[in-house]
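Here the structure is laid out as structure tokens; the discussion comes afterwards.
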Amino acid sequence: MKLDAEVTEIACPPNQAAQARAISVWVPDTEEHIEFTLKLEDFQSLGISEGDNITIKIEKKFDIDALARDLMNKSK
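Under this note's numbering, the first residue of the sequence shown carries the number 3, and numbering increases by one thereafter.
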């Protein structure tokens with residue numbers, strides 16, 4: 003799944019200014035803000051700033067063996 007978003011705020015988490023940045027983005031498709039924290043090195047390498055448009059890619063992976071075991075246990 004891919005979501006287009008706009009960076010609305012960049013802040014330093016309390017007591018972590020030298021380690022991380024808190025990012026807030028607006029996702030028009032869901033009409034919600036999403037907040038997440040990036041390591042400072044990752045944030046700097048991305049070079050993003052407030053007002054930038056970004057795409058968020060969400061990949062969901064699952065363990066088919068665990069899913070099959072759960073289904074078998076529920077059918078007992």
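Glycine residues also receive a C-beta, built at the ideal position from the N, C-alpha and C atoms. These numbers come from a predicted model, not from an experiment.
How is residue i classed by DSSP in three states: helix, strand or coil?
{"i": "residue 63", "result": "coil"}
{"i": "residue 17", "result": "coil"}
{"i": "residue 26", "result": "strand"}
Between which two residues does the beta strand (DSSP E) carrying residue i extend?
{"i": "residue 43", "result": "Residue 43 -> not in any beta strand (DSSP E); alpha helix (DSSP H) instead, spanning 42-48."}
On the criterion of 16 or more Cβ atoms from any shown chain inside 10 Å, does residue i qualify as buried, or is it exposed?
{"i": "residue 25", "result": "buried"}
{"i": "residue 71", "result": "exposed"}
How many Å lie between residue i and residue j at the Cα?
{"i": "residue 49", "j": "residue 76", "result": "48 Å"}
{"i": "residue 61", "j": "residue 51", "result": "24 Å"}
Cβ pair count under 8 Å reaching 3, the segment 56-66 against the segment 3-23 = When C-beta atoms of the segment 56-66 are compared with those of the segment 3-23, three or more pairs fall below 8 Å, so the two segments count as touching.
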